[in-house]
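As given, the protein sequences belong to chains A and B, one line each in that order.
Take the first sequence: its position 163, counting from 1, is numbered 160 in our numbering, and each next residue is one higher.
Take the second sequence: its position 56, counting from 1, is numbered 53 in our numbering, and each next residue is one higher.
Just so it is clear, CB atoms sit at the ideal spot from N, CA and C, and this is done for glycine as well.
What you are looking at is a predicted structure, and each value in this text was computed from that prediction instead of being measured.
Below is one structure, written out as structure tokens; the observations come after it.
2 protein chains.
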Amino acid sequence: MTGFREPRTKRETGFRVRGRELVNIKNVADRAGVSIATVSHVLNQTRRVRPETAARVRTAIEELGYSQNLAARNLATGRSNILGLIVSDIQNPHFPELTRNFQDQALLHNMEVLVMNTGYDPQRTSDCVRRLIGLRVPGLAIMTTEYDTGLVELVARQNIRAVYYFNPGPLSPLISCILVNYGEGIREAVNHLEELGHRQIAFIGGAPHLQSAMYRRQAFIEQMQARGEGAMRIVDADFSAEGGYYGCSRLLSSAPPTAIVCANDLMAFGAMHCCRDKGLRIPQDISIVGFDNISFSQYSHPPLTTVAIPRDKLGQLAFKALWEMINRQTSEGRVIQLGTRLLVRESTAPPRKN
Amino acid sequence: MTGFREPRTKRETGFRVRGRELVNIKNVADRAGVSIATVSHVLNQTRRVRPETAARVRTAIEELGYSQNLAARNLATGRSNILGLIVSDIQNPHFPELTRNFQDQALLHNMEVLVMNTGYDPQRTSDCVRRLIGLRVPGLAIMTTEYDTGLVELVARQNIRAVYYFNPGPLSPLISCILVNYGEGIREAVNHLEELGHRQIAFIGGAPHLQSAMYRRQAFIEQMQARGEGAMRIVDADFSAEGGYYGCSRLLSSAPPTAIVCANDLMAFGAMHCCRDKGLRIPQDISIVGFDNISFSQYSHPPLTTVAIPRDKLGQLAFKALWEMINRQTSEGRVIQLGTRLLVRESTAPPRKN
DNA sequence: CTGAAAGCGCTAACAC
DNA sequence: GTGTTAGCGCTTTCAG
Chain A
-2 MTGFREPRTK RETGFRVRGR ELVNIKNVAD RAGVSIATVS HVLNQTRRVR PETAARVRTA
58 IEELGYSQNL AARNLATGRS NILGLIVSDI QNPHFPELTR NFQDQALLHN MEVLVMNTGY
118 DPQRTSDCVR RLIGLRVPGL AIMTTEYDTG LVELVARQNI RAVYYFNPGP LSPLISCILV
178 NYGEGIREAV NHLEELGHRQ IAFIGGAPHL QSAMYRRQAF IEQMQARGEG AMRIVDADFS
238 AEGGYYGCSR LLSSAPPTAI VCANDLMAFG AMHCCRDKGL RIPQDISIVG FDNISFSQYS
298 HPPLTTVAIP RDKLGQLAFK ALWEMINRQT SEGRVIQLGT RLLVRESTAP PRKN
Chain B
-2 MTGFREPRTK RETGFRVRGR ELVNIKNVAD RAGVSIATVS HVLNQTRRVR PETAARVRTA
58 IEELGYSQNL AARNLATGRS NILGLIVSDI QNPHFPELTR NFQDQALLHN MEVLVMNTGY
118 DPQRTSDCVR RLIGLRVPGL AIMTTEYDTG LVELVARQNI RAVYYFNPGP LSPLISCILV
178 NYGEGIREAV NHLEELGHRQ IAFIGGAPHL QSAMYRRQAF IEQMQARGEG AMRIVDADFS
238 AEGGYYGCSR LLSSAPPTAI VCANDLMAFG AMHCCRDKGL RIPQDISIVG FDNISFSQYS
298 HPPLTTVAIP RDKLGQLAFK ALWEMINRQT SEGRVIQLGT RLLVRESTAP PRKN
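Now the structure itself:
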């Protein structure tokens, strides 16, 4: 059936065969005069090794400049030390802040984080997931609010733990989520403006197909209706500063409102800029409220009144929830509800008396 | 010497032994009625396969929901499909912009990007490199300006291609770099202010141990001296908005300058904020210039005059240089010189007449 | 155009 | 406390 063949050439010189390792665990073992098992165990501290032996191994590692091949390790153990983190827009400061906290936590547990960017495209979220599946990541933080149908199932089928930033449906030992109470935040914002005396309040939303944009938009509508306000104007933009600018310019083109609530800070920046370009002073002529409390919001001029998501916690909580599932410390995923807090700063004031 | 032992249990049921793959290349091969080799070649298009055979394989892949194990692939080929990107501060918008471009390019070439953050700590740069070496990344973009001695050598010894954001010493087929002409940028900034009539120009620098901070600081000193200006005040901060704020407050505490050049935009934001807190109007009472042209600089109020690094190109150029080396399209690394351009916006104006 | 099988570097079960 | 070795899933050489 098949021909017999001499074993292929093995490493004989110090050079690499077929582009292989410069120095591997075998070399270290030889140098230290121990078996490769011992080296492995010293490296991973997976069983007791006599101190002198361990020291010899470590010396050999040092001398040879050995570095463990993680691909091999991952293959042998069947799981990778890389976690996936998928975000909507790495250029929106909200996400770097989250990313940093997530990474810092991961680092403490010797995990790497592969950050992927979808640009708010649900299709790309699934693409990213597929790529991460190939890497056999043990866990995934999907911190985008947009997703294709079937995404959650795709992940679960691979037995990968995941934390979502939206409601992924029924929980399981593989599924957790972090839910921000967008509605409450928007309500606070509207209440604040109403209490200041505003009646013409407009809203600049995110792209209407995004879940998080929908929630905020819907909450705005409900709150305004509850207040019995008819004068309610809504434009949809795209969560970017540019979008905020153009959204605002549309609002100002006829019957300008006295206050604008923006679905995120980035759009609020754009809106502030637009207002000034039209000669409106903030907050004397028009009040602006943002959402997210990205670190820049306090450095804008005037400092932006915004609905704060506890962003320092976001990345940490996501990691923690993921880690618990990966290490099976929970029989079931978690639902983490995150409240918001209105930070009143100088971009809001009572409307001008006419 | 060693005992004989029956071969360990093999996969017999559809279940996993020792936590292994749910579906692997073998399963696909069996299902398609071909050999493993054929599946591999269909997957990677590394040799001609009869169309019908290929189709059968693809059907099997589809039906089984097979996803290639990249750890195994990487182990077998001896190189990973992950590139490392090390940045100083993912929360400084300069870096997300760079990151995004780099990642977009990488994606086009089926590469993943592992982004790591050093927080401006040179020690952490080396740590990151070591972790990436373990992953056997084929290439590394070290876009930090701070580094330990020996870093370049550490990387080169592992035969890893790298692009640096500083001058790494002699080039080699493994080493490229992107050098921003900081000095020229600072000179433009100072010239601009001088031409407006400013004589008391101060400087807020980055952390003094960083190379990029040094360059900018030095250029400022030289340019001021060349102009024969004695009234030159310099404070060192840390490239953050907070740092800019406190640096500025120190400058304003005695003999306030009429203009401030900041070593990056983030510090300029902080400085602007501080000026306003002290009752100074920008630009009437004091002019501010930034450096980097992060996307927010045009949304600040007033829009920030800044020295622009062509940031859209930065990530792309870094990737391109790396890719060329990885594919040995160049016999030698590249030195990419990047010029800057002063964007005059509304944060600068002639000094007030006394 | 296709298949068999060696081997990538490591882990972990088993033997001593 | 330490060593031997099967096997992780894949690529790729060699043989048809």
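* To do: To the nearest angstrom, report how far apart residue 144 of chain B and residue 95 of chain A are at their CA atoms.
  => 25 Å
* **Alpha-carbon spacing of residue 184 of chain B relative to residue 303 of chain B, whole angstroms** => Their backbone Cα atoms lie some 12 Å apart in a straight line.
* Where in the region 95 to 182 of chain B do unbroken runs of the beta strand (DSSP E), each at least 3 residues long, occur, reported from the N-terminal end onward? -> 109 to 114, 136 to 140, 158 to 161 and 172 to 177
* Going along the chain, which residues of the region 47 to 67 of chain A sit with their C-beta nearer than 9 Å to a C-beta in chain B? -> 62, 64, 65, 66 and 67
* **Whole runs of the beta strand (DSSP E) within the region 254 to 339 of chain A, excluding any shorter than 3 residues** => 256 to 259, 284 to 289, 302 to 305 and 332 to 335
* When Cβ atoms are compared, which residues of the region 73 to 87 of chain B fall closer than 7 Å to chain A? -> So the list reads 75, 77 and 87, given in the order they occur along the chain.
* To do: Ignoring anything shorter than 4 residues or poking outside the region 62 to 89 of chain B, list the alpha helix (DSSP H) runs there in chain order.
  => 67 to 74
* Three-state class that DSSP yields for residue 342 of chain B in the structure shown -> coil
* Is there contact between the region 109 to 123 of chain B and the region 100 to 120 of chain A, where contact requires at least three CB pairs shorter than 8 Å? -> yes
* To do: Please list the partners that residue 269 of chain A has in chain B, where partner means a Cβ-to-Cβ separation under 9 Å.
  => Listed by position along chain B, the residues whose Cβ is nearer than 9 Å to that of residue 269 of chain A are 296 and 298.
* Between which two residues does the alpha helix (DSSP H) carrying residue 217 of chain A extend? -> Under the DSSP assignment, residue 217 of chain A falls in the alpha helix (DSSP H) whose first and last residues are 208 to 223.
* To do: Under 7 Å between beta-carbons, which chain B residues line up against residue 71 of chain A? List them in chain order, please.
  => 68
* Count the other CB atoms, across all protein chains shown, that sit within 10 Å of the CB of residue 41 of chain B; report buried if there are 16 or more and exposed otherwise. => exposed
* Output the distance between the C-alpha atoms of residue 77 of chain A and residue 133 of chain A, rounded to the nearest integer angstrom. => 6 Å
* Asked: Does any CB atom of chain B fall closer than 7 Å to the CB of residue 248 of chain A?
  -> no
* Asked: What's the C-alpha gap between residue 189 of chain B and residue 237 of chain B?
  -> 24 Å
* Please classify residue 27 of chain A: does DSSP put it in a helix, a strand, or coil? => Looking at residue 27 of chain A - three-state DSSP - the assignment turns out to be helix.
* With DSSP run on the structure shown, which of helix, strand or coil describes residue 46 of chain B? -> coil
* **Contact set between the region 122 to 141 of chain A and chain B, restricted to residues whose Cβ is under 8 Å from the partner** => 127, 128, 130, 131, 132 and 133
* Asked: Does residue 345 of chain A come within less than 7 Å of chain B when only Cβ atoms are used?
  -> no
* Asked: Which residue comes first and which comes last in the beta strand (DSSP E) that contains residue 36 of chain B?
  -> Premise fails: residue 36 of chain B lies in the alpha helix (DSSP H), 33 to 41, not in any beta strand (DSSP E).
* To do: Within the same chain, show all residues whose beta-carbon is closer than 8 Å to that of residue 23 of chain B, passing over the 5 residues directly before and after it, in chain order.
  => 33
* Asked: Taking any Cβ of chain B, which residues in the region 97 to 118 of chain A have a Cβ under 7 Å from it, in chain order?
  -> 97, 100, 109, 111, 112 and 114
* **CB contact flag (residue 131 of chain A, residue 323 of chain A, <7 Å)** => no
* Asked: Where does residue 345 of chain B land, buried or exposed, given buried means 16+ other C-beta within 10 angstroms?
  -> buried
* **When A:198, A:328, A:308 and A:102 are compared against residue 259 of chain A, the one with the closest alpha-carbon** => Taking the Cα of residue 259 of chain A as reference, the smallest distance to any Cα among A:198, A:328, A:308 and A:102 is reached at A:198.
* When B:275, B:263, B:297 and B:100 are compared against residue 266 of chain A, the one with the closest alpha-carbon -> B:297
* To do: Take every Cβ of the region 175 to 182 of chain A, pair it with every Cβ of the region 206 to 219 of chain A, and state whether three or more of those distances are shorter than 8 Å.
  => Three or more beta-carbon pairs separated by less than 8 Å link the region 175 to 182 of chain A to the region 206 to 219 of chain A, which places the two stretches in contact.
* With a cut-off of 7 Å, does the C-beta of residue 238 of chain A fall near any C-beta of chain B? -> The beta carbon of residue 238 of chain A falls within 7 Å of a beta carbon belonging to chain B, placing the residue at that interface.
* Pull up the DSSP beta-bridge partners for residue 55 of chain A, would you. => DSSP output for residue 55 of chain A lists no bridge partner at all.
* **chain A contacts made by the region 182 to 211 of chain B, where a contact means CB separation under 8 Å** => none
* Asked: How big is the Cα-Cα spacing for residue 284 of chain A and residue 255 of chain A?
  -> 6 Å
* Asked: In the DSSP assignment, what are the bridge partners of residue 233 of chain B?
  -> B:202
* For residue 28 of chain A, decide whether its Cβ has a neighbour in chain B, counting only Cβ atoms nearer than 7 Å. => no
* **For residue 102 of chain B, the nearest candidate out of B:87, B:239 and B:82 (CA to CA)** => B:82
* Where the region 282 to 294 of chain B meets chain A: residues whose CB sits under 9 Å from a CB there -> The residues in question are 292 and 293.
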